[in-house]
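In my numbering, the protein residues as written are 6 to 997.
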C-alpha cells in the first residue's frame, strides 16, 4: 500500500549481494535517534506548497487517527477509514511472508462533521470499529461500503446516533497476506459500478448469502461490483494503493515506483479471443523506476540514514540519488486526477500522486498520446507540496465537495513494511508510533473562499439532473449516484432534455450513463450520443451502444461509420464494438480501422480481440492488402493474425489464408502460422488435409528447410534460419537432422540452434536426444543443453538418469541448478537428487547468516568474482555486460545495508514480491513449465524462465497453474559459495 515491498527472484543471490561491499562489521545498534511529532497547531509551519496554495488543516487527533482513505456523503459528512492496525497489531507474533489472518481487527470508520459551516471539522463519531485492514470507503444508499481485508462490509446508521446499526458482510475471502497489497479505495465509476483497486494479494472471494455464486479467484486484478446485485468481477489492474478516474472515466493507477499508470482497456474486453496475446492493459504513462527523483525537503530518517551511511562507507560509486536515504520514488500512493473548478483551469486533469516515504505530493501533467496518455513531472524546482516534518505521511487524496483536493495524512513516525527492515533496525523501531495521530488537509488555492456545504440528500430529482452540469466532479458524481439509487423514472424526460440541449459535454456524458443506470437508454438516445459534437461523448456512446450493434441495424450503421472518426479514441471503441459481430461487413469495418491505425498496438489488439472465426475473416483482408503487410507494423500485424488462425486451427480458415496471400510465403508468414499451430498441438506438416494446397506448400517449405539445414554449401545464417523453421515440423521428421547437428564439429551457431530448437518440442525423446552426445559438447553447448533440460520439469528425470549412468558428471551441474533439483516439488525427483548430490545441509537461517559474516572482511579479487558471477548468477541477473535479466534490476538495491541484504541472500523467501514468485504450469499434453509470471491477460500468460526465452502460453492449453508461494531461488544456494567466493563476487560487483 504505502511503501516499497521487495521483489527478488530466482538466482537472487546477485541482487542481494550486489551491495554487500567490503567493510568492517558495525557495532550493534543501541538506539536510533528520532524526530518528535509536531502538534497540529504548529504543523502549518512545516508544510510548503507552490503557486500560493496552502495546506489548511481540517481535522487532527483526537478527531481522527491513522487515516488512509475518505469519502463525502451527499450532505457533506466525511467518512474516514482509520487503519489503526497498520502494519501489525503485535510485533512479537507477526510473521514475515506469511498470511496474518490472526492479526487483531482494530481498524475503524469515523464520521466527521462541520457543524458551524467554517470548513473545518469539529465533531467526530466512531461509525464502526473492529475492522481488519480497512483501506477504502464509498457511499451507497445512506451507508458506506468499506474494504477491510478479508472482507467488504456495508455499514449504515439508521437511527441517527452516528453509529452503524447495520453491519453486513457483503464479500469475504480476500487474502490477508501483505498489508501493503490489500484491496483498497472503492470508487464510483461512470457506468454506475464501484471499482476497487485490487492490488496483488488476491483471494477466492465469495458473495455472502449467495451460495449459488461461484467464488471469484483473482490475483493481480482490480475489481468491479454492482451494489444492487452484489455481482463482483475481476477487471484489468492490480497495482498497489490508490487509483484515480478522470472526467471521462479513464482509470489511473500507481505502484510504488510507478507514479502514474493507465488502464488502457478492461481485460474482459479481450476475452472473446483466447488465442490472442494482447498487451498488458496496465501501461506506464510516466517514466518509472527506482531512480526517478523527487524533491524532498525533510531530513533523512535516522534509520534510513544509517543504511545510507553504511553504503557510503563501502565506497560504492553511483549517482547521488543512490547515496542518500531518500529522494527517489519508493512509495507512490493515492494517485488522483484533479477534477474540480476551484483551482486555475490548467490544473484540471492533472495527476497528483503522494510519495509517502519522502513526505510530499507530486504533481504531473497529462497529455493525449494516441489511445493512451503521456505524463511528465509538472514541477522541476520543488514539489507541489512537501514537508520538513518526517511524520507527514500523505497517503491519499480526494476530490472534495468544495472543488479542492483534500489530503489524507496518516501521520506516523515511520511508514515502512516490517518485512523490508533488517532485524537489528526493526528491533529498535516502533512502527506503531503515531497510530493515535492523523491529519486531514485542504489543498487550497490562493484566495479560496469556503463554499456552502452540500445538501444533495434533500434535492429533488430535477435538481439532481441539473447538478450533472456542475463544474466540480464530486457534485456531478454524487448527483449521478443518487439518481441511480432512487431509480426515479420521473427524471428520464429531464435527462433526455439535458442530453439534447446542454452545452456542457460532461453533463451530456452523465445524462447518457444515468439513463443507462435507469434502464431507460433508448435507441434515439444512443444515436444522439453517437452524433455528438464532443469526441468524448461519442466515445462513450459507442461503448454504451456496443450491445445494440447486434440487434439494431441503425445503431450498427452509425457505429460502423465512426470507424473513420477523426478521434482515435472513438475509433478504438468502434474496434471493440464491431468485434462483437461475426460477418463479412464487420470484417470490412475492422479492415478499415487497421488501414488507418495498424501501427497502434492497442487498436490492433481491439480489432483482433474479436472471435477467432471473425479474426480469420479479418486476416484474409489483411493478407490481401499490401499496405498492411509491409514495414515493421505490417509484419507484426501479419504475425498476430496468422498466430490466431493457426491456434484456432480450422481447415477452411487455413485454406482461405493461403488463398488470400498473394506474396511470397516468407520468414514472417511461416513462423507466425507455425507458432499458432503449435499452440493447437499441430504443426505445418500435420495441420492440413493430405491433398490440399496448404499441405503441398507446407511440405515444400519444410523440405527446403531440412535440405538447407544440413547443407554445408549454405551460409551459417541460412542454415540457422532453416533450423528455426523446423520447429514447425514433426519431431520424428526433424530429429535425425538435429541429432546430426548436435555432434557435428562445424560452426557452433548450428549446434546451439539445434539444441534450442529441440528444447521447443514436448516429445518424450527430447531429453535423450540432447544427452546422447554429452561427452562431445563444449562448455557453452553443455550449458545450453542444461537450460533445455531445466526448462521443463519432465526432463529432469532424464538428467538424473544420465548422472547415475555417469554420462554426465554431477560436477558439471551448477550449484544453482542442483539446488533447483533438490527443492523439486516432485518428491520422487527430490529424493533421487538427494542421493546423487547429497541433501542440503543448513541450520536455521540465522545460523547460516552468522556463518557468512566473515566474508565481509576478506579481500576480494574482482577477476575471480566475475567467474563466480558467471557460474552462480548470470542465468538470472545481468551486470557489467554479463548475464541475463530475469530477476529484479540490480539498481533497485543500491544503498541497502549489509544486514538486510545478507538476510535476503541466505533466506531468499524472506522478501518476495508477487511478481517474483515461482509458478509451475502443467500443460494439457502432460508436460510442465516453471518460471515467473511476467504478464497475464484473459487469454494467455507469459513466463520468464531461467536461461531460456520467455514463453507465452494460451490459457486453453493450461491444465493447472500452481504457485509455490516462494521465490524461484530456493534456500541452500550458500552451500556452493565459499567465504572467499562471496568476497570475490563482491569485489567484482563493486568494481567501477
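Beta carbons: idealized from backbone N, C-alpha and C, even for Gly.
Please read all numbers here as calculations on a predicted model, not as lab measurements.
Legend entry - Alpha-carbon to alpha-carbon, residue 185 and residue 430: For the purposes of this step, residue 430 is identified with residue 425 of the chain shown, where counting begins at 1. For the purposes of this step, residue 185 is identified with residue 180 of the chain shown, where counting begins at 1. Looking at the two C-alpha atoms, the distance is approximately 20 Å.
Inset, instruction - Please report how far the alpha carbon of residue 96 lies from the alpha carbon of residue 114, in whole angstroms. - result: Here residue 96 refers to the residue found at position 91 when the chain shown is read from its first residue. Here residue 114 refers to the residue found at position 109 when the chain shown is read from its first residue. When the Cα atoms are used, residue 96 and residue 114 turn out to be separated by approximately 24 Å.
Legend entry - residue 728, enclosing alpha helix (DSSP H) - first and last residue: As a working mapping, residue 728 is identified with position 723 in the chain shown. Note, residue 728: alpha helix (DSSP H), 721-730.
Legend entry - Three-state secondary structure (DSSP) of residue 528: In the chain shown, the residue the question calls residue 528 occupies position 523. Helix at residue 528.
Legend entry - Contact set for residue 963: own chain, Cβ-Cβ below 8 Å, skip 5 residues either direction: Reading the chain shown from its first residue, position 958 is the one you call residue 963. Cβ-Cβ distances below 8 Å link residue 963 to 926, 927, 928, 929, 946 in the same chain, with the five nearest sequence neighbours on each side left out; the list follows chain order.
Inset, instruction - At 4 residues or longer, and completely inside the stretch 38-116: list those alpha helix (DSSP H) runs for me, N to C. - result: Taking only runs of at least 4 residues, no alpha helix (DSSP H) segment lies wholly in the stretch 38-116.
Legend entry - DSSP state of residue 128 mapped onto helix, strand, coil: To locate residue 128, count along the chain shown from 1; it is residue 123. Residue 128 falls in the strand class under three-state DSSP.
Inset, instruction - Label residue 732 either buried or exposed according to how many other C-beta atoms from any shown protein chain fall within 10 Å of its C-beta, with 16 as the threshold for buried. - result: As a working note, residue 732 is residue 727 in the chain shown. By the neighbour-count rule (16 or more Cβ atoms within 10 Å), residue 732 is buried.
Legend entry - Beta-carbon gap between residue 368 and residue 383 smaller than 8 Å: Mapped onto the chain shown, residue 368 falls at position 363. Mapped onto the chain shown, residue 383 falls at position 378. Yes, the Cβ-Cβ distance between residue 368 and residue 383 is below 8 Å.
Inset, instruction - Mind the definition here: the stretch 596-616 touches the stretch 567-580 only if three or more C-beta pairs lie below 8 Å; say whether that holds. - result: Contact between the stretch 596-616 and the stretch 567-580 is present: 3 or more CB-CB pairs across the two stretches fall below 8 Å.
Inset, instruction - Compute the beta-carbon to beta-carbon distance between residue 359 and residue 392, rounded to the nearest angstrom, for a pair I have assumed lies under 8 Å. - result: To locate residue 359, count along the chain shown from 1; it is residue 354. To locate residue 392, count along the chain shown from 1; it is residue 387. Rounded, the Cβ-Cβ distance is 12 Å, inconsistent with contact.
Legend entry - Distance, residue 106 Cα to residue 915 Cα: The residue given as residue 915 occupies position 910 in the chain shown. The residue given as residue 106 occupies position 101 in the chain shown. With a pLDDT of 47 at residue 915, under the threshold of 50, the modelled position of this residue cannot be trusted; read the value that follows with caution. Cα to Cα, the separation comes out at about 18 Å.
Inset, instruction - Would you kindly report the start and end of the unbroken beta strand (DSSP E) that includes residue 248? - result: Here residue 248 is taken as the residue at index 243 of the chain shown, counted from 1. Judged by DSSP secondary structure, residue 248 falls within the beta strand (DSSP E) whose first and last residues are 248-250.
Inset, instruction - Might you give, ordered along the chain, the residues of its own chain that have their beta carbon closer than 7 Å to the beta carbon of residue 361, omitting 5 neighbours on each side? - result: If you number the chain shown from 1, residue 361 lands on position 356. Apart from sequence neighbours up to five positions away, the residues of its chain that approach residue 361 with a beta-carbon distance below 7 Å are 7, 8, 336, 338, 398, 399, 400, 420, ordered along the chain.
Legend entry - Whether residue 394 touches residue 69 by CB criterion (8 Å): As a position in the chain shown, residue 394 is number 389, starting the count at 1. As a position in the chain shown, residue 69 is number 64, starting the count at 1. Against a cut-off of 8 Å, the Cβ pair of residue 69 and residue 394 comes out as no contact.
Inset, instruction - Check whether the stretch 506-522 touches the stretch 469-483, taking contact to mean three or more Cβ pairs, one atom from each stretch, closer than 8 Å. - result: Yes: the two stretches touch, three or more of their Cβ pairs being nearer than 8 Å.
Inset, instruction - Output the boundary residues of the alpha helix (DSSP H) element that contains residue 449. - result: On the chain shown, position 444 is the one that residue 449 refers to. Note, residue 449: premise wrong, no alpha helix (DSSP H); beta strand (DSSP E) at 444-449.
Legend entry - Beta-bridge pairing of residue 226 - partner residues as DSSP gives them: Here residue 226 refers to the residue found at position 221 of the chain shown. Residue 226 pairs with nothing; no bridge assigned.
Legend entry - For residue 202: DSSP bridge partner residues: For the purposes of this step, residue 202 is taken as the residue at position 197 of the chain shown. DSSP, once it has assigned bridges, lists 189 as partnering residue 202.
Inset, instruction - Please classify residue 809: is it buried, with 16 or more other beta-carbons within 10 angstroms of its beta-carbon, or exposed? - result: Your numbering for residue 809 matches position 804 in the chain shown. By the neighbour-count rule (16 or more Cβ atoms within 10 Å), residue 809 is not buried but exposed.
Legend entry - Of the listed residues 177, 266, 473, 207, nearest to residue 496 (C-alpha basis): As a position in the chain shown, residue 496 is number 491, starting the count at 1. Residue nearest to residue 496 within the set 177, 266, 473, 207 is 473 (criterion: CA-CA distance).
Inset, instruction - Going by DSSP, name the residue or residues bridged to residue 298. - result: The residue labelled residue 298 in the question sits at position 293 within the chain shown. Beta-bridge pairing links residue 298 to 333.
Inset, instruction - Output the distance between the C-alpha atoms of residue 939 and residue 225, rounded to the nearest integer angstrom. - result: What you label residue 939 is simply residue 934 of the chain shown in a count that begins at 1. What you label residue 225 is simply residue 220 of the chain shown in a count that begins at 1. Going by the C-alpha atoms only, they are around 11 Å apart.
Legend entry - Cβ pair residue 755, residue 746 closer than 8 Å: Taking the chain shown and counting its residues from 1, the one referred to as residue 755 is at position 750. Taking the chain shown and counting its residues from 1, the one referred to as residue 746 is at position 741. A distance below 8 Å separates the beta carbons of residue 755 and residue 746.
Inset, instruction - On a CA-only basis, which of 151, 598, 587 is nearest residue 199? Give me that one, please. - result: Within the chain shown, the letter at position 194 stands for residue 199. Checking every option, the nearest Cα to that of residue 199 belongs to 151.
Inset, instruction - Note down the Cα distance separating residue 452 from residue 340, rounded to an integer number of angstroms. - result: Sequence index remark: in the chain shown, residue 452 carries index 447 (1-based). Sequence index remark: in the chain shown, residue 340 carries index 335 (1-based). Between residue 452 and residue 340, the alpha-carbon positions lie close to 26 Å from each other.
Legend entry - Three-state secondary structure (DSSP) of residue 545: Numbered from 1 along the chain shown, position 540 holds the residue referred to as residue 545. Of the three classes helix, strand and coil, the one that applies to residue 545 here is helix, per DSSP.
Inset, instruction - Locate the beta strand (DSSP E) running through residue 266, then write down its first and last residues. - result: For this step, residue 266 is matched to residue 261 along the chain shown. Going by DSSP, residue 266 is part of the beta strand (DSSP E) stretching over 263-268.
Inset, instruction - Answer with buried or exposed for residue 266, where buried requires no fewer than 16 other C-beta atoms within 10 angstroms of its C-beta. - result: As a first step, residue 266 must be located in the chain shown, where it is residue number 261. Classification for residue 266: buried.
Legend entry - In DSSP terms, what residue 148 is bridged to: Here residue 148 refers to the residue found at position 143 when the chain shown is read from its first residue. Note: residue 148 sits in a beta bridge opposite 145, 161.
Inset, instruction - Give the secondary structure of residue 777 by DSSP, where H, G and I count as helix, E and B as strand, and everything else as coil. - result: Your numbering for residue 777 matches position 772 in the chain shown. Looking at residue 777 - three-state DSSP - the assignment turns out to be coil, as it is neither helix nor strand.
Legend entry - Cα-Cα separation between residue 644 and residue 734, rounded to whole angstroms: Taking the first residue of the chain shown as position 1, residue 644 is located at position 639. Taking the first residue of the chain shown as position 1, residue 734 is located at position 729. Cα-Cα distance, rounded: 18 Å.
Inset, instruction - Note down, one range per segment and in chain order, each alpha helix (DSSP H) of at least 4 residues found wholly within the stretch 664-689. - result: Within the stretch 664-689, the complete alpha helix (DSSP H) runs of at least 4 residues are 674-684.
Legend entry - Outcome for residue 139 when other beta-carbon atoms lying within 10 angstroms are tallied against a minimum of 16: Position 134 of the chain shown, counted from the start, is the residue given in the question as residue 139. When all chains shown are included, residue 139 counts as buried.
Inset, instruction - Could you please give the first and the last residue of the uninterrupted alpha helix (DSSP H) stretch that includes residue 376? - result: The residue labelled residue 376 in the question sits at position 371 within the chain shown. For residue 376, there is no enclosing alpha helix (DSSP H), as DSSP gives it neither H nor E.
Inset, instruction - Using a threshold of 8 Å, state whether the C-beta atoms of residue 698 and residue 663 are closer than that. - result: Taking the first residue of the chain shown as 1, we reach residue 698 at position 693. Taking the first residue of the chain shown as 1, we reach residue 663 at position 658. Closer than 8 Å, so yes.
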